[in-house]
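Colleague: Residue numbers (the working numbering), protein chains in the order written: chain L, 3 to 359; chain R, -14 to 102. Yeah, the Cβ is synthetic: ideal placement off N, Cα and C, and Gly gets one too. A single structure is presented below for examination.
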Amino acid sequence: MIKNVLLVDDEQEMLLSLKEGFEKYSDIFSVLLAGDGEDALEKLKENTFFLVVTDLKMPRMDGFTLLTHIMIDYPDIPVIIITAHSIPIMVKMAKKVGAVGYIEKPFMVEDLAQKIITTLRDQSDGGTLHSASSGLFLQLIEMEQKTCTIRLVNKSSGRRGVLFFREGILLDARINGVHGEAAAHEILSWDDVILSIQNECSQKERNIKGELQAILLEAMRLKDEAAQGEDATITGGEERETQKEDSIIIGYEEKEAERPAEERITEKPDFNAIKRKLEKKIGDRRGVEDIYQDNSWDGLVSQVAGVGEFFNAGKLKVCYISEGESRDFILLPGEKTTLISLNPDALKGWIIEVLSR
Amino acid sequence: MKKLFNDILSMKDVKGVMLFSFEGELLFRDFSSLPSTFLENRDWTPFIKALIGVQEADLVFETLRFYIRKTTTGYLMVLMDILAPIAMVRLNCDILLPSLKQENTAKGLRNLFKRKK
């Protein structure tokens, strides 16, 4: 299976020379090009990639921000960083936010090609099947309680998808930017596929609640409906679910304003909704130690809100505070301030991103 | 001194920088779109005093974002659009802080930044 690799850099000449240099590896991987992080995100939505290679300093959206988006929305796609600015803190930050490799400019095309090939090879360390029925094979995965990531290509349409299994349980599915059962229904309806198995699973949260058998039956039903001319397109249920959880957290303040003052004092924000949202988006690496209300921070939050008002910045969503010596936390404004304490290894950039979305 | 902040100020979506003393005095500001009097007429003391103990802060609003960093002189605040590359801003601050410290030691930053009354 020839795998798609996305190269992201704002230096057009660099991209073109890499593309040319990689032509001799075209039987292993093919490359698509993006000029910056925003362009890369658009391409990620439209195509299936097995690896992203990105520069750090770029206009519109830099490599760090792109990396954060990939780790949240495409956790199965590894990222290799290339940059001219090899500062130790940059390397440390890149690895902290999930990059699998780092290569310093200038570099030999062959060195990067070898790094790409090694990373891609790891994605099929469990083997590749070139003509299989996905339904039958996946039932075997379930029976054997395997933990793996399976990448599939529909031979008739060329569509590509990813399935995440942990101990035989189907946790999630993804086709381009669509996750969850909707993506699983489409993938499981494919008759003839090429599939490669990676013996590890980066997905932590279970986004598919149903049993594999039920998903398979629903996939068949949708396929029959499609064959009868009915529209069985992916509906984006995942997005709706996320929006629902957002409204639980962000909508807390609006709901508070509508209530009588005496009720507001006793009401607490839904800590479980915050935890669920972080678990779902970041998984075990979220690094949250505790969530509680702490009105000793109301003064700071009020001052911050005042500065926001001065600059006409809109409503305050999230305050990240570091006091040094491993004391990092996030403050959420409300009737009383909600404090989320973070451990030193917490992926604070992701957490801020998720909570402020 | 403006040169010191050039890397940050030239970043896309960064609107400006402000440097405060620990007492809340505005020592330096560079905003492309705001008149200086707009910033200077505000009493920043309560805000800066509320930051005591804070080494670093990232304040996210609906349309803007503020990155704050404690320096040897006081607090540096970078104002940016919501989609600004915060990791790069943080990195540029990491690079900038030693130079700011040197400048402070060598020339006496307070005098250098002192506003004309």
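Is there a Cβ from chain R that is less than 8 Å from the Cβ of L/Val93?
Modeller: On the first sequence, residue 93 of chain L is found 91 positions in, with the first residue counted as 1. With 8 Å as the cut-off, L/Val93 does not count as an interface residue toward chain R.
Colleague: Measuring only between beta-carbons, confirm whether L/Leu318 sits less than 8 Å from chain R.
Modeller: Walking along the first sequence from the start, residue 318 of chain L turns up at place 316. Cβ-Cβ to chain R under 8 Å: yes for L/Leu318.
Colleague: For the beta strand (DSSP E) holding L/Gly163, just list the boundary residues, first then last.
Modeller: Here residue 163 of chain L corresponds to residue number 161 of the first sequence, with the count starting at 1. Element bounds for L/Gly163: Arg162 to Arg168.
Colleague: List the residues of chain R whose Cβ lies closer than 7 Å to the Cβ of L/Thr67, in chain order.
Modeller: For the purposes of this step, residue 67 of chain L is taken as residue 65 along the first sequence, with counting starting at 1. The contacting residues are Pro70 and Ala72.
Colleague: Nearest to R/Asp43 by alpha carbon, out of R/Leu49, R/Ile53, R/Lys34 and R/Ile37?
Modeller: Within the second sequence, numbered from 1, the residue matching residue 43 of chain R stands at position 58. Among R/Leu49, R/Ile53, R/Lys34 and R/Ile37, the Cα nearest to that of R/Asp43 belongs to R/Ile53.
Colleague: With a threshold of 8 Å between beta-carbons, can L/Phe109 be considered close to chain R, or not?
Modeller: To locate residue 109 of chain L, count along the first sequence from 1; it is residue 107. Not an interface residue.
Colleague: Could you check the C-alpha separation between L/Phe390 and L/His187 for me, to the nearest Å?
Modeller: In the structure displayed, chain L extends from 3 to 359; residue 390 of chain L sits before or after that span and is not available.
Colleague: Express the C-alpha separation of L/Val33 and L/Phe109 in angstroms, rounding to a whole number.
Modeller: Start at 1 with the first residue of the first sequence, and residue 109 of chain L comes out as number 107. Start at 1 with the first residue of the first sequence, and residue 33 of chain L comes out as number 31. Approximately 18 Å between the Cα atoms of the pair.
Colleague: By alpha-carbon positions, which one of L/Asn345, L/Ile105 and L/Met60 ends up nearest to L/Asp41?
Modeller: Start at 1 with the first residue of the first sequence, and residue 41 of chain L comes out as number 39. The shortest Cα separation from L/Asp41 among L/Asn345, L/Ile105 and L/Met60 belongs to L/Met60.
Colleague: Compare the C-beta of L/Ile74 against all C-beta atoms of chain R and say whether one is closer than 8 Å.
Modeller: Residue 74 of chain L sits at position 72 when you count from the first residue of the first sequence. No - not a single Cβ of chain R is within 8 Å of the one on L/Ile74.
Colleague: If we count Cβ pairs, one from each stretch, closer than 8 Å, do we get three or more for the segment 332 to 342 of chain L versus the segment 292 to 303 of chain L?
Modeller: Enough Cβ pairs lie closer than 8 Å, so yes.
Colleague: So which of R/Lys55, R/Asp66 and R/Met73 has the shortest CA-CA distance to R/Pro83?
Modeller: Taking the first residue of the second sequence as position 1, residue 83 of chain R is located at position 98. Looking at the Cα atoms, R/Lys55 is the closest of the given residues.
Colleague: Since R/Thr58 is in the beta strand (DSSP E), which residue starts that stretch and which ends it?
Modeller: Taking the first residue of the second sequence as 1, we reach residue 58 of chain R at position 73. For R/Thr58, there is no enclosing beta strand (DSSP E), since its DSSP letter is neither H nor E.
Colleague: Straight-line CA distance for L/Ile84 to L/Met16?
Modeller: Translated into the one-based positions of the first sequence, residue 84 of chain L becomes position 82. Translated into the one-based positions of the first sequence, residue 16 of chain L becomes position 14. Near 11 Å, if we compare the C-alpha coordinates of L/Met16 and L/Ile84.
Colleague: Using the rule of at least 16 other Cβ atoms within 10 Å of the residue's Cβ for burial, across every protein chain shown, is L/Gly163 buried or exposed?
Modeller: Locating residue 163 of chain L in the first sequence gives position 161, counting from the first residue. So L/Gly163 ends up on the buried side.
Colleague: Check for me: the beta strand (DSSP E) holding L/Ile199 runs from which residue to which?
Modeller: Start at 1 with the first residue of the first sequence, and residue 199 of chain L comes out as number 197. Element bounds for L/Ile199: Val195 to Gln200.
Colleague: Could you tell me the boundaries of the alpha helix (DSSP H) in which L/Asp75 lies?
Modeller: Working through the first sequence from its first residue, we reach residue 75 of chain L at position 73. Run containing L/Asp75: Gly65 to Asp75, per the alpha helix (DSSP H) assignment.
Colleague: Among residues of its own chain, excluding the 5 on either side of L/Gly253, which ones have a beta-carbon nearer than 6 Å to its beta-carbon?
Modeller: Within the first sequence, the letter at position 251 stands for residue 253 of chain L. Residue placement at L/Gly253 is poorly supported in this model, since its pLDDT is 43, which falls under 50; the coordinates still yield a value, given next. Excluding positions up to five away in sequence, the list is empty.
Colleague: Just to confirm the assignment: which complete beta strand (DSSP E) runs, minimum length 3, are found wholly within the segment 23 to 66 of chain L?
Modeller: 31 to 36 and 53 to 57
Colleague: In whole angstroms, what is the alpha-carbon distance linking L/Phe139 and L/Ile72?
Modeller: Looking up residue 139 of chain L in the first sequence gives position 137. Looking up residue 72 of chain L in the first sequence gives position 70. Each residue's Cα considered, the two are about 28 Å apart.
Colleague: From the DSSP secondary-structure annotation, give me the bridge partner or partners of R/Phe16.
Modeller: The residue labelled residue 16 of chain R in the question sits at position 31 within the second sequence. BP columns for R/Phe16 point to R/Gly1.
Colleague: Who are the Cβ neighbours of L/Val102 in its own chain at under 7 Å, not counting the five residues just before and after it?
Modeller: By 1-based counting over the first sequence, the position of residue 102 of chain L is 100. Answer for L/Val102: Pro80, Val81, Ile82 and Thr121, listed in chain order.
Colleague: Check each residue of the segment 14 to 30 of chain L: if its Cβ is closer than 9 Å to any Cβ of chain A, include it; give the result in chain order.
Modeller: In the structure shown, chain A cannot be found, because the protein chains are L and R.
Colleague: With C-beta atoms as the reference, is L/Cys203 less than 8 Å away from L/Thr130?
Modeller: Residue 203 of chain L sits at position 201 when you count from the first residue of the first sequence. Residue 130 of chain L sits at position 128 when you count from the first residue of the first sequence. No, Cβ-Cβ distance for L/Cys203 and L/Thr130 is not below 8 Å.
Colleague: If I measure Cβ to Cβ from L/His132 and keep anything under 7 Å in the same chain, skipping five residues before and after, which residues do I get?
Modeller: Within the first sequence, numbered from 1, the residue matching residue 132 of chain L stands at position 130. Scanning its chain for C-beta atoms nearer than 7 Å, with the 5 sequence neighbours on each side dropped, one finds around L/His132 the residues Ile196, in chain order.
Colleague: R/Arg27 CB to nearest chain L CB: under 8 Å?
Modeller: Here the question's residue 27 of chain R lines up with position 42 in the second sequence. Yes, R/Arg27 lies at the interface with chain L (some Cβ there is under 8 Å from its Cβ).
Colleague: Which of the three DSSP states, helix, strand or coil, is assigned to L/Val320?
Modeller: Numbered from its first residue, the first sequence carries residue 320 of chain L at position 318. In this structure, L/Val320 counts as strand in the three-state DSSP scheme.
Colleague: At which residues does the alpha helix (DSSP H) containing L/Glu207 begin and terminate?
Modeller: Residue numbering aside, residue 207 of chain L sits at position 205 when the first sequence is read from its first letter. Element bounds for L/Glu207: n/a, residue is neither H nor E.
Colleague: Using a Cβ-Cβ distance under 8 Å, would R/Val39 count as near chain L?
Modeller: Taking the second sequence and counting its residues from 1, the one referred to as residue 39 of chain R is at position 54. For R/Val39, the answer is yes, since a Cβ of chain L falls inside 8 Å of its Cβ.
Colleague: For L/Val306, return the contacting residues in chain R, with the cut-off set at a CB-CB distance below 7 Å.
Modeller: Position 304 of the first sequence holds residue 306 of chain L. Neighbours of L/Val306 on chain R, chain order: Leu44.
Colleague: Spell out the partners DSSP gives L/Thr85 in its beta bridges.
Modeller: For this step, residue 85 of chain L is matched to residue 83 along the first sequence. According to DSSP, which records beta bridges pairwise, L/Thr85 is partnered with L/Glu106.
Colleague: Taking L/Glu220 as the reference, which of L/Gln205, L/Ser198, L/Ser191 and L/Lys206 has the closest Cα?
Modeller: For the purposes of this step, residue 220 of chain L is taken as the residue at position 218 of the first sequence. Minimum Cα distance to L/Glu220 is reached at L/Ser191.
Colleague: In this structure, how does DSSP classify R/Met(-4) when only helix, strand and coil are distinguished?
Modeller: Your numbering for residue -4 of chain R matches position 11 in the second sequence. Three-state DSSP puts R/Met(-4) in coil, outside helix and strand.
Colleague: Based on DSSP bridge pairs, tell me the residues matched to L/Asp330.
Modeller: Within the first sequence, residue 330 of chain L is the residue found at index 328, counting from 1. Per DSSP, L/Ser324 and L/Leu344.
Colleague: Under 9 Å between beta-carbons, which chain L residues line up against R/Leu64? List them in chain order, please.
Modeller: In the second sequence, residue 64 of chain R corresponds to position 79, counting from 1. The answer, in chain order, is Phe313 and Ala315.
Colleague: State yes or no: is the C-beta of R/Leu49 within less than 8 Å of the C-beta of R/Asp66?
Modeller: Taking the second sequence and counting its residues from 1, one reaches residue 49 of chain R at position 64. Taking the second sequence and counting its residues from 1, one reaches residue 66 of chain R at position 81. Going by C-beta atoms, R/Leu49 is nearer than 8 Å to R/Asp66.
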